[in-house]
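Worksheet for the structure shown next.
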């Protein structure tokens, strides 16, 4: 349930001057040209992201077999959510959101291109992960330099992602009407999953066979194309709220001055909204458990499931197949079960996904477990992202969203570190296989508790009441 989460909200950007918010490009009865530009940019960048999901851990596993190091790289990419989520939200509410996305994608293009060139210069000395695992070869020359580059790149790219992803979610209500949010988010989520998890990972396996640097070059190009496409969106995408014709922040309107005051306003709004606070905390613990399980997943795939780079890529397609199905049925599931019950069922299936994967040695069974878990993960994302977009006032959307994502994503580096430590602690007395299985089983136990919490705190009646209250509030 990582909310790239379309990751995955108040009123649409149809303020007094709709043309300033970019909504004027929305066609009658459709989602509009600006939405499809945003959609295409997301599809392109997610192809690169899907390739990167295999390329980065495969590169790391060519340098080290240490679960601590592999978890450390995953942790480095998520630490920025702890450090920068809150200021990122305040920045999002101060600037043109479209321009900020373009700037972050351009920056990620430059950083990824540096990684691609560096790997290209060194790929001749990098061993196959299977040979390194079997002790047939030693660590490659310059391993420390490359590992350091991976840590730095993970942190820098993660920092840009904090700003980019938070901004992208706050942009959507300015692009489509409130009644179209679930449809728009569902289509975006489905397309992202196809490219990110269905096409990207297998393609990465093919590209790695051509050359280890090739997938990194593709990832860099995807960021450049995404920046170009978003730059073509028309309109001005600032948070609504005008005084004397000038755009002002919500904090200034409320008499709160400075960046810290704006952050405090966002924190206070979320923390005093009981339902949104419960959603954020439960999602944070869900993401902690998933990060714990998947931090060393590349080692699990290689050593327990016996997968090559292409096989590992195919395993990750389960997320796309399940996610696309989830994006198609999310609205119907929400209507049939009620939003609250659907969220509780999603937690239950996450428990099953983790337990089954932790116990199996079959790649097919693992694929099916991730497929089912992904269906319900996307159902969770579509319901909760649309809910946030519906109830949070636009002038606060960036800041409140950043607080939510801090609670939801800030736990991921802790989970990743915990997963690496669990493997290291268990494999000593119990052996390598038991060590690699242990994070999945511990994470499954956490989800039993979360299922109970979801039943208690995420009722459908509470969700509908919050939506109704938001509609009554001007």
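Numbering (the numbering used here), first residue to last: 2 to 475. C-beta atoms are modelled at their ideal positions from N, C-alpha and C, and glycine is treated no differently. The structure presented is a predicted model; accordingly, all values stated were derived computationally and were not measured.
- Secondary structure note for residue 76: its alpha helix (DSSP H) is the uninterrupted segment 68-93.
- Taking one beta carbon from each stretch, the region 306-323 and the region 80-88 have fewer than 3 pairs nearer than 8 Å; the two do not touch.
- With respect to the 7 Å criterion, residue 183 and residue 375 are not classified as neighbours on the basis of their beta carbons.
- Across the structure, residue 144 and residue 85 are spaced so that their CA atoms are roughly 30 Å apart.
- Less than 7 Å divides the Cβ of residue 114 from the Cβ of residue 221.
- DSSP, reduced to helix, strand and coil, places residue 459 outside both helices and strands of the structure shown, so it counts as coil.
- Within the region 263-335, complete alpha helix (DSSP H) segments of at least 4 residues are found at 275-295 and 298-304, given in chain order.
- The region 69-78 and the region 166-182 do not touch, with fewer than 3 CB-CB distances between them shorter than 8 Å.
- Residue 297 sits close to residue 420, with the two beta carbons spaced by under 7 Å.
- Residue 38 counts as buried, since at least 16 other C-beta atoms from the protein chains shown sit within 10 angstroms of its C-beta.
- Using a Cβ distance threshold of 7 Å, residue 355 and residue 214 do not count as a contacting pair.
- It is roughly 32 Å from the alpha-carbon of residue 289 to the alpha-carbon of residue 119.
- Following the DSSP letters along the chain, one finds residue 390 inside the alpha helix (DSSP H) bounded by residues 364-392.
- Note on geometry: alpha-carbon atoms of residue 273 and residue 454 lie some 19 Å from one another.
- Collapsing the DSSP output to three states places residue 361 in coil.
- In this structure, the beta-carbon distance from residue 201 to residue 378 does not fall below 7 Å.
- Between residue 172 and residue 238, the C-beta spacing is below 7 Å.
- Between residue 303 and residue 130 a beta carbon distance of about 6 Å is seen, short of the 8 Å cut, so the two are scored as contacting.
- In summary, residue 160 is buried, with 16 or more beta-carbon neighbours lying within 10 Å of its beta-carbon over all protein chains present.
- In the DSSP assignment, residue 113 falls within the alpha helix (DSSP H) that extends over 98-123.
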